[in-house]
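Participant: Got a structure for you, written out below as structure tokens; questions coming shortly.
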Amino acid sequence: MVYHVEDKAMNKQIIRNAQNEIFYEAKLDQENGWIYINWIGDIELEDVKRGTQAYLDLLAISGCRKLLNDNSLLTSNFLEINEWIEANVLPVAVRTGLRYMAHILSPKFIARFSGIDLGLRLKPVEFHAFKELKKAEKWLNSKS
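Heads up: the sequence shown begins at 1234 in this note's numbering, then just goes up one per residue.
The structure is reproduced here in structure tokens:
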């Protein structure tokens, strides 16, 4: 797994695609007790695989029970990717401690629908979809 680590504590991750564009940014927000992931642009399944592996690495070292997953800058359709996430990422994330996921929906209709579909697949995780970052943060902060 190759990704750029911004600091030695691995509190921030950045991954670029083949065109050298950033498509994934993750940050361990210790003050709020969650991991924030920002997905950017039009991404492919291989990009999602790289990003989710980086997230699982960060989850493993942090022990965070909360994820703030931001798709507000995402333009890709995730429907076909959700099945892969359900089968390959979710079991590992739950075993590693994930309990709550706030998901910020993409403004693009198809990508927004993909986000809702993902929530239906995350049964072991308490999931809530939002249109606004502040509401997602408030909800996550209400979880212990």
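Where is the CB? At the ideal position from N, CA and C, for every residue including glycine.
1) Determine, using beta-carbon pairs with one atom in the region 1296 to 1307 and one in the region 1256 to 1274, whether at least three such pairs fall under 8 Å.
2) Verify whether the separation of the beta carbon atoms of Glu1359 and Tyr1333 is less than 8 Å.
3) Looking at the secondary structure, which residues open and close the beta strand (DSSP E) in which Ala1362 lies?
4) When you compare each of Lys1245, Val1322 and Asp1290 to Lys1260 by their alpha carbons, which one comes out closest?
5) Mind reading off the beta-carbon distance from Asp1275 to Thr1308? Whole number of angstroms is fine, and I expect it under 8 Å.
6) Compute the Euclidean distance between the alpha carbons of Glu1264 and Phe1363, then round it to the nearest angstrom.
7) To the nearest angstrom, how far is it from the Cα of Arg1283 to the Cα of Leu1289?
8) Here's the rule: buried if 16 or more other CB atoms are within 10 angstroms of the residue's CB, otherwise exposed. What is Ser1375?
9) Output yes or no for whether 8 Å exceeds the beta carbon distance between Leu1292 and Leu1338.
10) CA-CA distance, Ile1382 and Thr1285?
11) Decide if Asn1315 is buried, meaning its Cβ has at least 16 other Cβ atoms within 10 Å, or exposed.
12) Can you tell me the Cα-Cα spacing of Ala1216 and Val1322, whole angstroms?
13) For Val1325 versus Pro1357, is the C-beta distance shorter than 8 Å?
14) Decide if Ala1320 is buried, meaning its Cβ has at least 16 other Cβ atoms within 10 Å, or exposed.
15) Going by C-alpha to C-alpha distance, which of Asn1304, Asn1253, Tyr1257 and Ser1295 sits closest to Pro1340?
Facilitator: Based on what the coordinates show:
1) yes
2) yes
3) Looking at the DSSP string, the run of the beta strand (DSSP E) that includes Ala1362 is Glu1359 to Phe1363.
4) Minimum Cα-Cα distance from Lys1260 among the listed residues Lys1245, Val1322 and Asp1290 corresponds to Lys1245.
5) 5 Å
6) A direct Cα-Cα distance of roughly 21 Å separates Glu1264 from Phe1363.
7) 10 Å
8) exposed
9) no
10) Residue 1382 cannot be examined here, being either before or after the span of the chain that is shown, 1234 to 1377.
11) buried
12) There is simply no residue 1216 to check, as the chain begins at 1234 and stops at 1377 in what is shown.
13) no
14) Classification of Ala1320: exposed, given that the 10 Å Cβ count is below 16.
15) Asn1304
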